[in-house]
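Going line by line, the protein sequences match chains A and B. This note's numbering puts the first residue of the first sequence at 1, with every later residue one more than the last. This note's numbering puts the first residue of the second sequence at 1001, with every later residue one more than the last. For glycine and all other residues, C-beta sits at the position ideal for the given N, C-alpha and C. Being a predicted model, the structure only gives us computed values, none of them experimental.
Number of protein chains: 2
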Amino acid sequence: MTACFFVFEVIVIKELEDKILKEGQVLPGNVLKVGSFLNQQIDIDILMKMGAEIARLYADSGVNKILTVEASGIAVAVAAANFLKTPIVFAKKSRSSNVTGEVYSAKVESFTHGTVNNIIVSKDFLKRDDRVLIVDDFLANGNALVGLSDLVRDAGATIVGAAVAIEKGFQKGGDDLRAKGMRIESLAIIDNMSDGEIVFRQQ
Amino acid sequence: MTACFFVFEVIVIKELEDKILKEGQVLPGNVLKVGSFLNQQIDIDILMKMGAEIARLYADSGVNKILTVEASGIAVAVAAANFLKTPIVFAKKSRSSNVTGEVYSAKVESFTHGTVNNIIVSKDFLKRDDRVLIVDDFLANGNALVGLSDLVRDAGATIVGAAVAIEKGFQKGGDDLRAKGMRIESLAIIDNMSDGEIVFRQQ
């Protein structure tokens, strides 16, 4: 079983890295465009494989809830939840008329949108005894992860760790959070793309 | 096989209706709050069953792409795509720095947010030969479906139909679109909730 899982892990990560190299576009301002398979069009095959790999990594963590933030984090969260068999909660960026009652809220600056959002989650869906896995599609400066962690802490719940599809390792958000003791699993980590060439961290 | 599918269909729809009755809250202004299992917290078990049912309904449609709009439509779209084995494309409500190049756009009024959004999708991800299934979590006045249909038509692609988790039948968006010849499959249709009591349409 372990050997089988190990082979699966290597295949998923290699496949994701190949996809990033083949379809990813490096844009000015350190923006990586992976809209063809991750955050505008979604390749369901690689998405579900990523979900299986996140589930393998956190299988023994006691996770009972996945937390993400709308919008593109939702797909990765659903894929992971399909294998971990946990509910997903997604924080919203605005209060709509179907979010009622008390909420936890945190401020998050968006790297791609260049805006500051208040993310909110209803207090009904994060409880003190929850063991929460934070999931997102991208990790860059770590602002979304910090905001989501704030929501979990406000609820008095436990963070078992975070899982993201692609980390921009050169932006240090992930490494800063790891240095503070947070478990962060990134399926692909890009350590350099400054010359338009993508260099992955060996994991 | 057919008999087996039929039993599955009945179970999924019954389970969804039971969940709506048990956990749904009718709020003033004809808002149905199903945040506990569909659009803030997501029950992964019923979500994937809904995906399987949508896939069963559209198995013979030749669908090769699922189109939804962020945010809560994404979860239902991923679940359906998992069984239909098609890519998902989600329209965005704002142009972020990772959406570049030419886009199709349409105006959509949001019932729950009380706002008008321009939804956009990159021209790279909707092509003339696509056979598109439109998926969303809710169908009320039909604005989102009309906007998404506009995007597909602008691309010269074919709409095979739409699938939604919950339709508010009394708001007529679904029936108006059916009258115009669009195939719409709603897993649960609420025909009345004006007294706070939810009445489902027999399908």
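Asked, Found
"Option nearest Gly1073 of chain B by Cα separation, candidates B:Asp1060, B:Lys1085, B:Ser1061 and B:Gly1051", "B:Gly1051"
"Contact list for Ile119 of chain A against chain B, beta-carbon separation under 9 angstroms", "None at all; the shortest Cβ gap to chain B is about 12 angstroms."
"contact_flag[the stretch 173 to 190 of chain A, the stretch 1151 to 1163 of chain B] where n(CB pairs < 8 angstroms) is 3 or more", "no"
"Contacting positions in the stretch 1011 to 1026 of chain B - beta carbon closer than 7 angstroms to chain A", "none"
"Proximity of Thr68 of chain A and Phe90 of chain A at Cβ, strictly below 8 angstroms", "yes"
"Neighbourhood of Leu16 of chain A by C-beta, 6 angstroms cutoff - its chain only, sequence neighbours within 5 removed", "Leu187 and Ala188"
"Interface residues of the stretch 24 to 50 of chain A facing chain B [CB-CB below 9 angstroms]", "Gln25, Leu27, Gly29, Val31, Leu32, Lys33, Val34, Gly35, Ser36, Phe37, Asn39, Gln40, Gln41, Ile42, Asp43, Ile44, Asp45, Leu47 and Met48"
"Cutoff 7 angstroms; reference Glu23 of chain A; Cβ partners in own chain excluding five residues on either side", "Val34, Ser36 and Phe37"
"Cβ pair count under 8 angstroms reaching 3, the stretch 113 to 121 of chain A against the stretch 159 to 171 of chain A", "no"
"Asn1117 of chain B versus Gly1101 of chain B - alpha carbon distance", "19 angstroms"
"DSSP beta-bridge partners of Lys1123 of chain B", "According to DSSP, Lys1123 of chain B bridges with nothing at all."
"Residues of the stretch 164 to 179 of chain A with Cβ closer than 7 angstroms to any Cβ of chain B, in chain order", "none"
"Same chain, Cβ closer than 6 angstroms to Arg131 of chain A, five either side skipped, listed in chain order", "Gly62, Val63, Asn64, Thr158 and Val160"
"Gln1202 of chain B versus B:Gly1173, B:Lys1127, B:Asp1195 and B:Gly1169, residue with shortest Cα-Cα distance", "B:Gly1169"
"Asn1143 of chain B - containing alpha helix (DSSP H), residue span", "Asn1143 to Asp1154"
"Reduced DSSP secondary structure (H/G/I, E/B, other) of Ile13 of chain A", "helix"
"Residues of its chain near Lys127 of chain A, where Cβ-Cβ distance is below 7 angstroms and the 5 sequence neighbours each way are ignored", "Ala155 and Ala157"
"Residue span of the beta strand (DSSP E) that contains Leu1139 of chain B, given as start and end", "Arg1131 to Leu1139"
"Residue-chain proximity (Arg128 of chain A, chain B), Cβ-Cβ < 8 angstroms", "no"
"Under 7 angstroms (Cβ pairs) to chain B, residues found in the stretch 129 to 146 of chain A", "none"
"DSSP state of Lys93 of chain A mapped onto helix, strand, coil", "coil"
"Reduced DSSP category for Asp1181 of chain B - H, G, I as helix; E, B as strand; rest coil", "Here the sequence assigns Gly to residue 1181 of chain B, which means Asp is not the residue at that position. Of the three classes helix, strand and coil, the one that applies to Gly1181 of chain B here is coil, per DSSP."
"Alpha-carbon to alpha-carbon, Leu1084 of chain B and Lys1198 of chain B", "Note that residue 1198 of chain B is Ile in the sequence shown, not Lys. Rounded to whole angstroms, Ile1198 of chain B to Leu1084 of chain B spans 31 angstroms at the Cα level."
"Beta-bridge pairing of Ala1081 of chain B - partner residues as DSSP gives them", "Bridge partners of Ala1081 of chain B: none, in fact."
"Any chain B beta carbon closer than 8 angstroms to Lys123 of chain A", "no"
"Contact with chain B by Asn64 of chain A, beta-carbon distance below 8 angstroms", "no"
"For Asp1195 of chain B and Leu1133 of chain B, the rounded distance between their alpha carbons", "34 angstroms"
"Contacts of Ala1081 of chain B in chain A (Cβ-Cβ under 7 angstroms)", "Ile44"
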